[in-house]
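Here the structure is laid out as structure tokens; the discussion comes afterwards.
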Ligand code: MG
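Residue numbers (my numbering): 17 to 418.
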């Protein structure tokens with residue numbers, strides 16, 4: 017039997033329609049068999065066949081990838097000029113400078129650049145003028161001497177009063193968290209640029225919710241809450257970074273999850289590195305100024321657990337003991353409390369919310385979810401007469417209502 021090109025084309029067309037890799041592999045196997053059965057296999061270069069097959073697979077992959085273009089992580093390409101720019105909001109009267117609380121690490125208070133370094137670890141090459149640190153174009157980024165992970169960061173900055181340049185060339189700098197996520201600093205006052213690159217954007221990824229920029233030369237603030245990404249033992253990303261930003265006191269980034277390290281043109285991918293890394297300010301060729309920079313290191317988000325787990329003493333009350341407690345109790349300062357029963361459990365209602373009671377003894381009850389205590393007193397017949405509710409250091413008393 018002679019091999020025919022038309023046969024191969026027919027099978028190739030069918031092959032392209034196959035999307036499943038297993039079917040592709042089977043088709044490859046079958047195709048080779050067809051050629052071998054053709055009897056003229058030697059006249060057909062296997063390399064030629066492989067080349068055609070490779071091109072076909074490439075085309076198949078390209079078609080498959082093309083279908084994924086509609087699934088951009090944010091729905092937008094980076095720096096899309098058509099992306100909707102945020103609404104302009106006028107900030108309120110300035111409350112700056114906002115001085116650091118007692119637990120803050122002061123990174124710049126106008127005196128010196130001791131807390132800052134150049135990229136080579138040497139002295140920072142920015143200058144201080146009038147107790148303000150200023151980017152020296154071409155001098156490079158400045159990095160904090162200390163390293164940080166999860167932080168609350170306060171930064172005050174001002175774009176150059178003398179307006180020069182446009183779009184990304186006007187008052188450009190940036191605040192970098194963990195050395196990888198840039199909160200863009202830009203003169204975005206009456207300065208059109210792409211939405212994901214204006215002041216307060218997570219650069220190239222998320223525009224701010226509103227544009228609350230002050231005029232060039234005026235002091236502005238960023239208050240940033242940053243949670244670093246987390247990784248598994250295998251180094252794989254478990255959770256991306258999260259970032260919240262207030263610009264001039266207005267929320268502009270609400271716990272957003274950066275896609276990866278920010279960058280011009282295309283973002284990078286997360287990779288496990290040091291948990292704590294220097295913060296940095298960008299030199300983008302414009303003399304942007306900074307002052308009053310402080311940071312608070314944040315504790316882990318997990319709740320500190322008590323040294324002893326909750327393991328209360330629980331006794332079983334006899335049904336007749338329990339039923340005697342059911343009823344209303346008149347507070348000595350007015351109002352009524354009530355003990356009810358449901359499915360064999362007692363509940364204490366203070367303001368309509370039934371709180372499950374945990375009997376520690378016939379005289380004393382705890383509450384399942386609340387650190388309160390209920391003390392009961394009885395007459396000689398074993399009927400409750402008084403109820404004392406211990407809560408928050410106070411004792412509120414009640415007597416059994418008739
Ligand atoms: Mg920048």
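Every residue, glycine too, gets a C-beta built ideally from N, C-alpha and C.
Taking each of 301, 158, 106, 207 in turn and checking the Cα distance to residue 135, the smallest one comes out for 158. Ordered by chain, the residues meeting the criterion of a beta-carbon within less than 7 Å of a non-hydrogen atom of the ligand MG are 188, 189, 190, 198, 200, 201, 202, 219, 298, 300.
Between residue 254 and residue 262, the CB-CB gap reaches or exceeds 8 Å.
Listed in chain order, the beta strand (DSSP E) elements of length 3 or more contained wholly in the stretch 228-305 are 236-243, 253-255, 258-263, 266-272, 293-297. Here residue 346 has 352, 414, 415, 417 as same chain residues with Cβ atoms under 7 Å from its own Cβ, once five neighbours each way along the sequence are excluded. Within a 10 Å sphere around the beta-carbon of residue 308 sit 16 or more other beta-carbons, which makes this residue buried. Residue 144 sits away from residue 191, with the two beta carbons spaced by 8 Å or more. In the DSSP assignment, the residues bridged to residue 346 are 352, 415. For the stretch 112-200, the full-length beta strand (DSSP E) segments reaching 3 residues or more read 121-124, 143-145, 148-150, 158-164, 167-174, 189-193 along the chain.
The residues 186, 302, in chain order, have a CB closer than 8 Å to that of residue 180 in the same chain once the five nearest residues on each side in sequence are set aside. For residue 206, the three-state secondary structure derived from DSSP is coil. Per DSSP, the continuous beta strand (DSSP E) segment holding residue 372 begins and ends at 370-375.
A straight-line Cα-Cα distance of about 13 Å links residue 388 and residue 365. DSSP places residue 382 in the strand class (E or B) of the three-state scheme.
For residue 365, no alpha helix (DSSP H) run applies; the uninterrupted beta strand (DSSP E) run containing it begins and ends at 361-365, by DSSP.
Residue 315 is classed as exposed because its beta carbon has fewer than 16 other beta carbons within 10 Å across all chains shown.
As computed with DSSP, residue 222 is found in a beta bridge with 218. Residue 170 has its alpha-carbon roughly 24 Å from the corresponding atom of residue 289. The beta-bridge partner set that DSSP reports for residue 390 consists of 381, 405. Residue 340 sits close to residue 399, with the two beta carbons spaced by under 8 Å. Look at the beta carbons and you see the stretch 229-243 touching the stretch 93-112: at least three pairs across the two are nearer than 8 Å. Here the alpha carbons of residue 218 and residue 274 stand approximately 7 Å from one another. If you draw a 10 Å sphere on the C-beta of residue 231, you find fewer than 16 other C-beta atoms in it, and that means exposed. Closest option to residue 204, judged by alpha-carbon separation, among 197, 212, 117: 212. The continuous stretches of alpha helix (DSSP H) do not include residue 332, and DSSP gives it neither H nor E. Here residue 296 is buried: its Cβ has 16 or more other Cβ atoms, across all protein chains shown, within 10 Å.
Judged by beta-carbon spacing, residue 242 lies within the 8 Å limit of residue 166, meaning their Cβ atoms are closer than that value. DSSP, reduced to helix, strand and coil, places residue 410 within a strand of the structure shown. C-alpha of residue 393 to C-alpha of residue 163: approximately 59 Å in a straight line. Excluding its 5 nearest sequence neighbours in each direction, residue 401 has C-beta neighbours in its own chain below 6 Å: 393, 395, 416, listed in chain order.
Selection 87, 115, 121, 89 evaluated against residue 311 yields 121 as nearest (Cα-Cα). By DSSP's assignment, residue 312 forms a beta bridge with 168. With a cutoff of 8 Å on beta-carbon distance, residue 375 and residue 356 are scored as not near each other. According to DSSP, residue pairing for residue 103 in a beta bridge involves 226. Our two residues, residue 132 and residue 92, have alpha carbons roughly 36 Å apart in a direct line. Judged by DSSP in its simplified three-state form, residue 93 adopts coil rather than helix or strand.
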